[in-house]
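Report on one structure; see the data block that follows.
Number of protein chains: 2
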Amino acid sequence: FLGVGYPSQSRSISVEALKPSDTFPRRHNSATPDEQTKMAESVGFDTLDSLVDATVPKSIRLKEMKFNKFDGGLTEGQMIEHMKDLASKNKVFKSFIGMGYYNTHVPPVILRNIMENPAWYTQYTPYQAEISQGRLESLLNFQTMITDLTGLPMSNASLLDEGTAAAEAMSMCNNIQKGKKKTFIIASNCHPQTIDICQTRADGFELKVVVKDLKDIDYKSGDVCGVLVQYPGTEGEVLDYGEFIKKAHANEVKVVMASDLLALTVLKPPGEFGADIVVGSAQRFGVPMGYGGPHAAFLATSQEYKRMMPGRIIGVSVDSSGKQALRMAMQTREQHIRRDKATSNICTAQALLANMAAMYAVYHGPEGLKAIAQRVHGLAGVFALGLKKLGLEVQDLGFFDTVKVKTSNAKAIADAAIKSEINLRVVDGNTITAAFDETTTLEDVDKLFKVFAGGKPVSFTAASLAPEFQNAIPSGLVRESPYLTHPIFNTYQTEHELLRYIHRLQSKDLSLCHSMIPLGSCTMKLNATTEMMPVTWPSFTDLHPFAPTEQAQGYQEMFNNLGDLLCTITGFDSFSLQPNAGAAGEYAGLMVIRAYHLSRGDHHRNVCIIPASAHGTNPASAAMVGMKIVTIGTDAKGNINIEELKKAAEKHKDNLSAFMVTYPSTHGVYEEGIDDICKIIHDNGGQVYMDGANMNAQVGLTSPGWIGADVCHLNLHKTFCIPHGGGGPGMGPIGVKKHLAPFLPSHPVVPTGGIPAPENPQPLGSISAAPWGSALILPISYTYIAMMGSQGLTDASKIAILNANYMAKRLESYYPVLFRGVNGTVAHEFIIDLRGFKNTAGIEPEDVAKRLMDYGFHGPTMSWPVAGTLMIEPTESESKAELDRFCDALISIRKEIAEVEKGNADVHNNVLKGAPHPPSLLMADAWTKPYSREYAAFPAAWLRGAKFWPTTGRVDNVYGDRNLVCTLLPASQAVEEQAAATA
Amino acid sequence: FLGVGYPSQSRSISVEALKPSDTFPRRHNSATPDEQTKMAESVGFDTLDSLVDATVPKSIRLKEMKFNKFDGGLTEGQMIEHMKDLASKNKVFKSFIGMGYYNTHVPPVILRNIMENPAWYTQYTPYQAEISQGRLESLLNFQTMITDLTGLPMSNASLLDEGTAAAEAMSMCNNIQKGKKKTFIIASNCHPQTIDICQTRADGFELKVVVKDLKDIDYKSGDVCGVLVQYPGTEGEVLDYGEFIKKAHANEVKVVMASDLLALTVLKPPGEFGADIVVGSAQRFGVPMGYGGPHAAFLATSQEYKRMMPGRIIGVSVDSSGKQALRMAMQTREQHIRRDKATSNICTAQALLANMAAMYAVYHGPEGLKAIAQRVHGLAGVFALGLKKLGLEVQDLGFFDTVKVKTSNAKAIADAAIKSEINLRVVDGNTITAAFDETTTLEDVDKLFKVFAGGKPVSFTAASLAPEFQNAIPSGLVRESPYLTHPIFNTYQTEHELLRYIHRLQSKDLSLCHSMIPLGSCTMKLNATTEMMPVTWPSFTDLHPFAPTEQAQGYQEMFNNLGDLLCTITGFDSFSLQPNAGAAGEYAGLMVIRAYHLSRGDHHRNVCIIPASAHGTNPASAAMVGMKIVTIGTDAKGNINIEELKKAAEKHKDNLSAFMVTYPSTHGVYEEGIDDICKIIHDNGGQVYMDGANMNAQVGLTSPGWIGADVCHLNLHKTFCIPHGGGGPGMGPIGVKKHLAPFLPSHPVVPTGGIPAPENPQPLGSISAAPWGSALILPISYTYIAMMGSQGLTDASKIAILNANYMAKRLESYYPVLFRGVNGTVAHEFIIDLRGFKNTAGIEPEDVAKRLMDYGFHGPTMSWPVAGTLMIEPTESESKAELDRFCDALISIRKEIAEVEKGNADVHNNVLKGAPHPPSLLMADAWTKPYSREYAAFPAAWLRGAKFWPTTGRVDNVYGDRNLVCTLLPASQAVEEQAAATA
Ligand SMILES: Cc1ncc(COP(=O)(O)O)c(C=O)c1O
Ligand SMILES: Cc1ncc(COP(=O)(O)O)c(C=O)c1O
Ligand SMILES: O=C([O-])O
């Protein structure tokens with residue numbers, strides 16, 4: 007009666023419309039087809055494609071990009087299913103391998119509120135201090151934790167891994183000794199990967215690395231700049247280095263100690279022995295092993311050498327109102343200032359992981375950490391006791407967490423352990439070590455007893471042995487000095503308190519959750535949730551990097567797929583996933599080139615040509631490889647001066663090793679002559695190294711391989727969606743042409759090399775501590791590529807170009823756009839020139855960047871690559887609405903500048919110079935500015951709806967660098983300063 | 007040489023110290039043993055235990071609480087392992103069951119940034135509008151979405167589930183007809199659980215429910231108040247209700263339509279047919295099935311009946327500066343005002359899930375939703391086509407997503423499907439239905455073909471059939487009217503845009519991530535991350551509530567364990583996990599009592615005695631059960647007047663059904679006579695219903711069962727850590743003594759009952775749509791209890807008492823503490839009396855609550871249970887530092903009041919009346935207040951470090967209720983108003 011049959015007027019449906027609808031590219035790429043056309047029209051083209059055709063030189067344009075897998079792109083749901091499938095192929099065995107990687111309980115409150123929280127992981131490096139006070143405080147906590155535990159007064163806020171930190175320390179020793187002593191000794195009790203990295207790295211500094219047993223070390227040659235020892239040793243021994251260090255110092259040899267943070271909660275700290283530099287990893291402080299990384303490494307040193315420390319350092323300063331404020335200290339040391347004088351190329355570090363480790367210490371506090379250490383030590387001790395009872399020979403030196411056992415057949419025991427889902431370290435045929443950690447239980451120890459008893463019944467249990475345990479830390483080495491006494495490490499030890507502390511810090515920091523961060527050369531694009539999800543799945547987090555690869559088949563499959571996809575994207579033949587930052591990739595790539603030349607007997611090829619416009623890491627990396635740098639200039643249009651290049655190449659023909667080039671150029675332009683440039687280099691016997699930082703403008707349109715490069719690194723934390731984490735982690739894999747593939751790095755513990763594997767590998771050594779770098783974050787790039795498919799990625803490149811051109815167009819009548827391509831378009835980023843305002847209004851780029859904060863934005867890249875400019879990179883994932891808002895802000899600021907120019911506003915006291923305006927200032931009873939509060943606070947309508955508030959006035963960098971303080975101020979002092987400030 | 011042997015001075019270790027160290031109670035319970043003693047001393051006791059002894063009456067004190075499982079408490083790591091084990095026992099088969107529950111792709115950006123984000127899930131119900139504008143906007147989006155899709159102009163912001171929403175609508179029909187027509191007709195094409203709930207519920211209103219086939223419905227009796235039909239029907243048919251509704255209206259019968267949001271994107275909306283009320287579930291809009299809930303249900307109606315709508319309604323109003331601001335509308339309707347005149351007892355609703363659903367609509371927009379609907383419809387259509395080709399009989403009425411098939415052996419097909427990990431609905435021996443959803447794929451349809459072909463080869467595929475598909479929606483029922491046209495539903499459709507929209511709203515709302523929310527009677531305690539983690543694991547999220555229980559063994563094991571633990575905690579014999587809020591528990595508990603009396607032939611027992619101090623849901627629930635309410639007073643000390651009670655009990659001896667009591671009392675006191683009270687009731691033939699809202703003061707110290715209660719509900723969203731979600735979800739399971747256990751609710755689709763199961767069950771019917779209520783959030787309470795162990799929980803109760811007494815002590819010389827126990831202590835919460843300030847300073851509790859916002863705090867419970875007071879409940883998870891900060895704020899406010907009292911501040915224009923002070927006000931160029939900006943903004947030192955900013959001035963409730971607007975204003979209007987406001 008009510009029923010109605012099929013309708014007369016009916017419609018059919020296409021198979022296409024029945025496919026899963028949770029597709030990803032439309033969520034990532036912002037502009038709809040309709041918007042694309044309108045935006046293209048606004049910059050003078052009929053279509054997006056015609057804009058792209060006019061922008062990317064025809065000579066290098068790809069016909070097509072096609073993937074062997076995932077070409078059509080997976081939907082978000084399909085992607086998660088695929089990742090679950092990979093995850094199921096990883097087997098999480100209990101690891102006792104140690105060697106710098108330990109299981110740890112990531113406190114869930116930190117896991118969820120930092121590691122899984124876009125408000126923490128999408129932040130940029132805290133260059134803009136006024137909108138970064140939260141993570142600056144957390145990183146200062148990290149530095150304080152490191153200085154307290156190591157007993158040395160200065161620390162940086164993270165290096166890439168323990169191995170490269172040791173190499174940085176080695177290079178510091180070389181510098182401290184002014185390069186005059188050319189031997190560096192490494193004790194054989196260091197982790198093998200640490201030794202290997204230093205050996206590889208030493209070459210570039212013309213250092214001779216000697217590996218020696220501790221007892222054989224002497225300094226008779228008089229040529230020793232430094233010595234590296236490990237404490238506790240890689241096989242567990244805890245030694246008293248007091249005399250050792252005295253002797254080294256007596257010989258004017260600097261001592262570097264690799265150490266372990268957890269051990270240092272109960273061991274006498276290296277600083278008290280007199281160590282000059284201490285390095286190590288903060289991984290076991292609540293950062294998952296992740297099959298090798300990312301983790302934060304640290305480097306601490308004395309006041310004397312503080313200005314030689316590599317990496318980023320957070321310091322205490324004051325703001326425009328004289329209140330305490332934090333910022334990155336000594337930025338002037340960064341590579342782009344020092345260039346080839348730089349002795350380190352570290353740029354992207356491990357901020358997110360340093361924050362996690364610092365929060366772990368905040369959560370546990372000194373007592374909690376000590377309890378964990380004592381428990382770990384107790385379990386190791388009970389294990390040692392049990393083994394002795396089983397009749398095995400246990401090393402009788404003091405130990406902390408690692409027990410060394412002699413056995414007739416190490417391999418058999420390790421294999422039996424694997425049957426019980428336990429991984430042990432086989433040192434050699436007769437030696438096994440077992441390293442204990444926070445997650446080890448009494449039951450685990452019982453399982454180990456069973457394994458070592460070879461199936462025979464065991465008459466005791468770990469619990470039954472506990473009362474017999476005797477502390478195995480030599481009495482002279484028991485830590486007596488206090489640490490982590492600052493209130494921050496003694497206040498937030500319930501979950502509520504830590505949750506709020508984390509959120510309080512977070513509320514001070516601008517991230518991609520707030521607004522676009524249009525940092526030229528940094529590609530701050532969407533870090534999609536689906537990409538991030540697998541990163542915290544236990545099957546990915548809980549693998550030890552040296553676990554048998556059979557247990558990591560999910561990872562291995564992903565590496566192979568990813569290698570293949572990256573080869574297609576770049577036009578290369580093989581990839582190494584080892585470098586764990588862009589600069590590490592540069593270094594690795596140049597080392598590959600070097601190895602290639604050496605393999606051909608071209609020992610003399612050591613000249614590297616680098617354009618003046620290159621990122622500072624380029625010359626720094628070349629310097630580290632021992633290359634002689636020849637700088638060439640750019641022409642008025644910002645392009646490489648091809649004539650000059652040609653002359654230089656020909657001049658250095660016999661010694662030419664490499665040419666480094668960023669494409670599109672750091673000026674935001676697709677240089678026309680790039681294929682010719684490559685040819686010139688090749689014709690003169692050189693190799694072309696391409697810096698892939700700007701890869702976001704190439705994917706699907708052209709490729710480094712197609713253009714003619716031989717090597718390239720990819721910043722996966724730019725183009726391929728790994729979030730910036732407030733200054734890291736990153737990944738900088740390198741791709742190479744076939745002739746270079748054999749030289750790709752391997753690893754002393756887990757052999758690896760190019761993916762796909764080349765014939766006849768002759769690897770150059772290792773350049774990161776873990777075989778596949780920061781494996782845990784590779785799912786991010788992998789899922790991005792697999793969900794986008796070739797079409798989605800190509801569209802991304804096009805829309806990135808579109809967005810940049812759209813903005814350039816909107817801004818060009820307010821600010822000169824500095825460089826353009828032959829058809830008047832820009833690439834995926836562009837530079838606006840602010841130099842004129844210096845004269846007309848006394849305004850500097852910094853003033854504009856700080857004023858942008860009042861509009862709710864993070865400033866673009868400032869004064870790089872050209873001083874006095876801003877470089878804007880919108881990326882494809884920013885919507886037209888967001889681009890417009892940013893342009894509106896800049897246009898409004900231009901009007902504010904005009905008011906100064908016209909004399910309506912004071913040159914020294916105007917809304918730009920006064921920026922940013924924090925609430926404390928805006929709501930102060932006294933208001934002495936010549937402009938209004940409301941205008942200072944709400945210069946644009948959208949700010950009324952919701953505004954991000956800078957928490958501090960402009961921070962004084964000069965004051966901070968002059969009065970360098972890089973740890974938390976004692977609470978009393980902070981309180982006093984605060985009181986004084988608010989009085 | 008460097009080696010040092012074992013130290014001479016050695017130390018041993020206890021087995022205890024070798025146990026896992028990631029224990030939970032110290033992260034949840036705030037006060038350290040040291041602090042406990044100090045705080046106890048400050049309130050005049052030597053130890054915490056002596057304080058507790060003096061506070062909890064001896065007569066009801068438990069000796070010990072001991073669990074059968076988890077007594078010692080699991081560590082966080084062990085808990086996660088246990089939950090993984092349970093998860094692995096749940097089998098996620100593909101569901102085609104439908105019946106109101108569908109698979110859906112939860113957009114990952116919503117999953118991570120709302121469902122897994124404490125800044126969204128720890129918020130309180132938005133009573134304090136000025137610090138809740140974010141979720142108020144989101145809930146307004148929800149209401150707008152519902153009104154647009156249903157075609158009716160008014161919607162509330164969520165009910166508990168579709169079934170209870172239908173029951174609420176039934177009750178509305180009764181009210182609309184002023185209770186004069188006592189028949190309610192339900193069409194048999196409604197979901198069975200909807201029918202069952204309405205049947206159960208009708209009793210209390212003395213309604214006669216008649217279930218009829220649509221074609222048999224008539225209104226001849228003249229006694230029909232309303233009729234409920236479903237659209238599409240439970241078996242899929244899409245019917246034209248035009249004539250049906252005309253006929254009903256002609257007979258003055260109100261029409262309720264249960265409907266489906268996704269279907270309504272392509273079907274003519276009920277409002278256009280003339281339906282009076284529309285109800286349904288928003289589950290399939292991006293909220294996981296979760297084995298039954300939580301999900302947001304909705305109820306929409308016409309302007310005419312808006313003031314009869316149950317539940318919370320968000321409305322548009324203005325703030326003190328005349329700017330648009332949102333708030334909960336018509337709060338005066340809440341039960342605690344209307345009490346036994348209330349016709350609905352709904353209190354805690356489903357805010358978090360309503361927000362998720364609204365965000366899903368925001369993310370997809372009208373076009374996206376329509377595409378999903380068309381795809382789902384297409385897949386269903388292709389399936390129907392294929393089945394016809396296989397020779398099966400398919401219902402030939404129009405359908406949307408559910409296809410009904412006739413077959414000779416439905417059971418055999420369903421069993422075959424299960425072998426392919428597919429669940430179908432077996433309607434009867436010859437009828438199967440298959441419901442399609444967003445996650446269905448072409449491959450799924452092919453699998454279904456295989457199942458229905460009984461293993462015989464199928465000559466076609468879903469893809470091959472697609473071109474033949476004909477739209478199966480009757481042409482007259484194709485939706486033509488637009489929906490979701492507001493810009494909010496058309497702007498945030500890339501992940502970046504939605505991410506920022508979510509964060510922008512979040513930034514306006516105060517949550518437990520910021521500071522304590524000391525809401526008396528609401529127990530806003532820590533919602534720990536470990537508790538929350540399993541809630542979003544696919545093995546818990548992706549189960550259909552009507553899936554065979556064999557597939558849900560993980561859930562079932564958890565239910566059984568949880569039932570057992572709750573029995574131990576409460577001293578009861580059996581539990582029902584069905585009620586999905588506290589008030590639903592009250593209703594269920596009273597229905598159990600009613601069923602018990604009926605079973606004994608005591609049909610006349612219908613008097614319910616309720617103290618005047620009871621929460622408004624108590625009388626409302628009693629009224630819904632059809633009880634006659636007798637109110638008794640409290641004495642001057644706030645205790646139940648036992649004499650009065652005794653008289654009332656004796657007077658109503660013959661008809662006494664129940665007595666409802668909250669313990670400790672809503673006045674924050676452990677009443678001494680509670681055991682006597684229970685005895686009086688029992689002696690007079692009544693049953694004692696205990697409201698367990700204050701259970702946080704009982705666990706481990708006493709228990710409802712021990713005290714003498716017969717039934718009790720537990721608000722798991724209070725004592726047992728389910729976060730408040732900004733106004734829900736909650737869970738209100740009920741525990742009962744043995745004699746009541748047989749009557750616990752069951753379910754028409756999946757039989758259930760008491761846990762542990764009683765003998766001779768005679769269930770009262772069902773009271774929620776899902777057999778075990780909101781099963782997905784039970785892991786939260788389960789893990790809380792299992793990690794705390796009996797000792798941790800008992801300590802929690804003690805520390806909750808300690809914290810309340812500590813605060814009361816600190817505040818008592820500033821504010822009178824209204825009620826105390828015999829020894830001068832308070833329970834876990836206490837009331838401060840502000841009534842005096844009305845005279846001395848013109849200050850009301852609201853002024854204090856609003857001023858607290860300026861100090862960064864959410865106000866305590868206001869004017870309940872006593873007008874003119876604030877009720878403060880700190881919980882055990884707030885640290886002493888936080889308690890002190892809150893006390894400092896209140897003390898400082900007391901001084902501000904004193905300034906008014908002294909005449910130093912104006913009675914009408916002072917810092918309290920002006921509160922809260924949003925930045926827009928504080929930074930306005932014009933400042934006309936008699937107090938300073940700085941003092942308004944930063945009245946306490948800690949605010950300088952980090953401050954939460956209210957985003958709006960005080961919201962005008964009266965204006966809003968007079969000009970009731972409960973959907974988004976058209977953008978143009980909003981813009982105009984905004985412009986006017988900022989002009
Ligand atoms: C052009 C260019 N090259 C190299 C780098 C260094 O990469 P990373 O910071 O990952 O070491 C950057 C970083 O911004 C860059 O912009
Ligand atoms: C004493 C008391 N009883 C009952 C309730 C109702 O519980 P629910 O909101 O879960 O329905 C409340 C809620 O605040 C309450 O405080
Ligand atoms: O620090 C940079 O990422 O350039």
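The listed protein sequences correspond, in order, to chains X and R.
Using this note's numbering, you'd call the opening residue of the first sequence number 7 and step up by one each time.
Using this note's numbering, you'd call the opening residue of the second sequence number 7 and step up by one each time.
No residue lacks a Cβ here, since even glycine has one placed at the ideal position from N, Cα and C.
Just to check my reading of the structure: R/Ala60 and R/Thr831 have Cβ atoms closer than 8 Å, yes? What is that Cβ distance to the nearest angstrom?
R/Ala60 to R/Thr831, Cβ: 6 Å. Contact.
Quick check on DSSP: helix, strand or coil for R/Pro785?
Helix, per DSSP.
Does X/Ala503 get closer than 7 Å to chain R when you measure Cβ to Cβ?
A small fix is needed here, since residue 503 of chain X is Glu in this sequence, not Ala. Interface residue, yes.
From X/Gly232 to X/Ala264, what does the alpha carbon distance come to, in whole angstroms?
For X/Gly232 and X/Ala264, the gap between their C-alpha atoms comes out near 13 Å.
I'd like to know if R/Ile849 contacts chain X, where contact means its C-beta is closer than 7 Å to some C-beta of that chain.
Interface with chain X (7 Å Cβ-Cβ cutoff): R/Ile849 is excluded.
Output, in chain order, the set of chain R residues within a Cβ distance shorter than 7 Å of X/Asp931.
At a C-beta separation below 7 Å, X/Asp931 has these neighbours in chain R: Ser938, Arg939 and Glu940.
Report the CB separation of R/Ser487 from R/Pro275 in whole angstroms; it is logged as a contact under 8 Å.
The C-beta distance from R/Ser487 to R/Pro275 rounds to 7 Å, short enough to fall under 8 Å.
Can you find at least 3 beta carbon pairs, one from the region 688-701 of chain X and one from the region 715-726 of chain X, that sit closer than 8 Å?
yes
Beta strand (DSSP E) segment containing X/Ser580, residue limits
Ser580 to Ser582
Is there at least one Cβ from chain X nearer than 7 Å to R/Ala363's Cβ?
no
Assess, as a yes-or-no matter, whether the region 917-934 of chain X is touched by the region 933-940 of chain R under the definition of 3 or more beta carbon pairs within less than 8 Å.
yes
Which partner residues of X/Gly286 appear in the DSSP bridge assignment?
BP columns for X/Gly286 point to X/Ser265 and X/Phe304.
Short-range partners of chain R found in the region 70-87 of chain X, where Cβ spacing is below 7 Å
Glu82 and Gly83
Can the beta-carbon of R/Lys410 be found less than 7 Å from the beta-carbon of R/Glu168?
No. Outside cutoff.
Could you confirm whether any beta carbon from chain R is found closer than 7 Å to the beta carbon of X/Val389?
As written in the sequence, residue 389 of chain X is Phe, which differs from the Val given in the question. False, the Cβ-Cβ gap to chain R never drops below 7 Å.
With DSSP collapsed to three states, give me the class of R/Ile773.
Looking at R/Ile773 - three-state DSSP - the assignment turns out to be coil, as it is neither helix nor strand.
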